[in-house]
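Chemist:
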Amino acid sequence: MKIRNYESKKVRIEIIPLIDVMFLVMVSFIYGMLSMAIYKGVNVKLPVSKIAETQKTENLSISIDENGLIYVDKQPVELENLANFISKNYENKNVSVLLFADKNVIYQKIFNVLDQIKLAGFSKISLQAKKE
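Residue numbering for the sequence shown is 181 to 312, as defined by the numbering used here.
1. Which residue from Val-224, Asp-295, Asp-245 puts its Cα closest to that of Ser-303?
2. When the distance is taken between beta carbons, is Ile-244 closer than 9 Å to Lys-289?
3. Please classify Phe-153: does DSSP put it in a helix, a strand, or coil?
4. Between which two residues does the beta strand (DSSP E) harbouring Ala-281 extend?
5. Please state the DSSP three-state secondary structure of Leu-307.
6. List the DSSP bridge partners of Asn-239.
7. When you compare only the Cα positions, how much space is there between Met-216 and Met-206?
8. Let me make sure I understand the geometry here. Which of Tyr-270, Asp-282, Lys-268 has the alpha-carbon closest to that of Gly-248?
9. Kindly identify the DSSP beta-bridge partner or partners of Ser-229.
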(Lines of atoms letter the chains of each structure in order from A; the text may use other names.)
(Lines give C-alpha, C1' and ligand atoms only; values in the text may rest on other atoms or scores of the structure.)
Protein backbone atom coordinates (compact mmCIF):
# COMPACT_ATOMS: atom_id res chain seq x y z
CA MET A 181 0.00 0.00 0.00
CA LYS A 182 1.30 3.33 -1.05
CA ILE A 183 1.05 6.17 1.45
CA ARG A 184 0.53 9.52 -0.08
CA ASN A 185 2.46 12.40 1.28
CA TYR A 186 0.11 15.36 1.49
CA GLU A 187 1.75 18.68 1.70
CA SER A 188 -0.17 20.88 4.03
CA LYS A 189 -1.12 24.13 2.40
CA LYS A 190 -0.49 27.26 4.37
CA VAL A 191 -3.68 28.86 5.59
CA ARG A 192 -4.17 32.33 4.13
CA ILE A 193 -6.37 34.90 5.69
CA GLU A 194 -7.95 36.97 2.97
CA ILE A 195 -7.78 40.45 4.43
CA ILE A 196 -8.60 42.46 1.30
CA PRO A 197 -12.40 41.91 1.57
CA LEU A 198 -12.22 42.84 5.26
CA ILE A 199 -10.43 46.07 4.40
CA ASP A 200 -13.08 46.84 1.76
CA VAL A 201 -15.91 46.35 4.25
CA MET A 202 -14.19 48.44 6.92
CA PHE A 203 -13.55 51.22 4.39
CA LEU A 204 -17.22 51.28 3.39
CA VAL A 205 -18.33 51.39 7.03
CA MET A 206 -15.89 54.21 7.74
CA VAL A 207 -17.06 56.21 4.70
CA SER A 208 -20.70 55.81 5.69
CA PHE A 209 -19.97 57.06 9.24
CA ILE A 210 -18.02 60.04 7.92
CA TYR A 211 -20.81 60.91 5.49
CA GLY A 212 -23.35 60.63 8.29
CA MET A 213 -21.33 62.94 10.54
CA LEU A 214 -20.93 65.55 7.80
CA SER A 215 -24.63 65.62 7.06
CA MET A 216 -25.60 66.22 10.70
CA ALA A 217 -26.54 69.78 11.58
CA ILE A 218 -26.65 70.99 15.13
CA TYR A 219 -29.96 72.70 15.77
CA LYS A 220 -31.04 73.71 19.25
CA GLY A 221 -34.33 75.35 18.40
CA VAL A 222 -37.98 74.52 18.03
CA ASN A 223 -39.36 73.09 14.77
CA VAL A 224 -40.63 75.95 12.64
CA LYS A 225 -41.54 76.16 8.95
CA LEU A 226 -38.76 78.32 7.54
CA PRO A 227 -39.25 80.52 4.49
CA VAL A 228 -37.40 79.50 1.33
CA SER A 229 -34.29 81.18 -0.11
CA LYS A 230 -32.12 80.32 -3.12
CA ILE A 231 -28.87 81.29 -1.39
CA ALA A 232 -29.43 79.83 2.07
CA GLU A 233 -26.36 78.41 3.82
CA THR A 234 -25.78 76.40 6.97
CA GLN A 235 -23.31 77.65 9.56
CA LYS A 236 -21.04 75.37 11.57
CA THR A 237 -20.02 77.70 14.41
CA GLU A 238 -21.06 77.97 18.03
CA ASN A 239 -24.11 80.18 18.15
CA LEU A 240 -27.25 81.25 19.96
CA SER A 241 -30.48 79.91 18.50
CA ILE A 242 -33.70 81.89 18.90
CA SER A 243 -36.92 80.52 17.41
CA ILE A 244 -40.36 82.04 16.91
CA ASP A 245 -43.07 79.47 16.24
CA GLU A 246 -46.25 80.04 14.24
CA ASN A 247 -48.11 81.09 17.41
CA GLY A 248 -45.55 83.83 18.12
CA LEU A 249 -43.97 82.04 21.08
CA ILE A 250 -40.24 82.71 21.50
CA TYR A 251 -37.71 79.99 22.38
CA VAL A 252 -34.03 80.38 23.21
CA ASP A 253 -32.38 77.01 22.60
CA LYS A 254 -35.75 75.23 23.13
CA GLN A 255 -36.48 77.14 26.35
CA PRO A 256 -39.59 79.36 26.18
CA VAL A 257 -39.00 83.03 26.96
CA GLU A 258 -41.38 86.01 27.04
CA LEU A 259 -40.58 88.91 24.70
CA GLU A 260 -40.26 91.34 27.60
CA ASN A 261 -37.65 89.11 29.30
CA LEU A 262 -35.70 88.17 26.16
CA ALA A 263 -32.95 90.81 26.41
CA ASN A 264 -32.32 90.09 30.10
CA PHE A 265 -32.42 86.33 29.58
CA ILE A 266 -29.89 86.17 26.75
CA SER A 267 -27.55 88.77 28.27
CA LYS A 268 -27.43 86.82 31.57
CA ASN A 269 -27.07 83.36 30.02
CA TYR A 270 -24.76 84.24 27.11
CA GLU A 271 -21.86 86.41 28.20
CA ASN A 272 -19.98 86.20 24.88
CA LYS A 273 -21.51 88.99 22.77
CA ASN A 274 -19.49 87.92 19.67
CA VAL A 275 -21.60 84.78 19.29
CA SER A 276 -23.75 84.64 16.16
CA VAL A 277 -27.47 84.79 16.88
CA LEU A 278 -29.52 82.60 14.54
CA LEU A 279 -33.14 83.73 14.34
CA PHE A 280 -35.53 81.02 13.16
CA ALA A 281 -38.97 82.54 12.53
CA ASP A 282 -41.91 80.61 11.15
CA LYS A 283 -43.00 81.92 7.77
CA ASN A 284 -46.47 82.70 9.19
CA VAL A 285 -45.18 84.92 12.03
CA ILE A 286 -46.27 88.56 11.98
CA TYR A 287 -43.48 90.78 10.67
CA GLN A 288 -43.71 93.13 13.66
CA LYS A 289 -43.00 90.22 16.04
CA ILE A 290 -39.70 89.54 14.25
CA PHE A 291 -38.70 93.19 14.58
CA ASN A 292 -39.59 93.18 18.28
CA VAL A 293 -37.34 90.14 18.80
CA LEU A 294 -34.53 91.78 16.77
CA ASP A 295 -34.81 94.89 18.98
CA GLN A 296 -34.52 92.76 22.13
CA ILE A 297 -31.46 90.95 20.73
CA LYS A 298 -29.77 94.27 19.96
CA LEU A 299 -30.67 95.60 23.43
CA ALA A 300 -28.86 92.59 24.91
CA GLY A 301 -25.68 93.66 23.07
CA PHE A 302 -25.54 91.09 20.28
CA SER A 303 -24.66 92.42 16.84
CA LYS A 304 -24.14 89.29 14.73
CA ILE A 305 -27.72 88.36 13.87
CA SER A 306 -28.83 86.28 10.92
CA LEU A 307 -32.33 85.36 9.82
CA GLN A 308 -32.54 81.70 8.83
CA ALA A 309 -34.24 80.22 5.77
CA LYS A 310 -34.23 76.79 4.19
CA LYS A 311 -32.91 76.29 0.69
CA GLU A 312 -35.41 75.64 -2.14
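Just so you know, even glycine gets a beta-carbon here, dropped at the ideal spot from N, CA and C. Quick caveat: nothing in here was measured; it's all calculated off a predicted structure.
Modeler: Let me lay it out:
1. Asp-295
2. yes
3. Given that the chain is displayed from residue 181 to residue 312, the structure contains no residue 153 and the question cannot be resolved.
4. Run containing Ala-281: 276-281, per the beta strand (DSSP E) assignment.
5. strand
6. Paired residue(s): Ser-276.
7. If I take the Cα positions, the gap works out to 16 Å.
8. Asp-282
9. Lys-311
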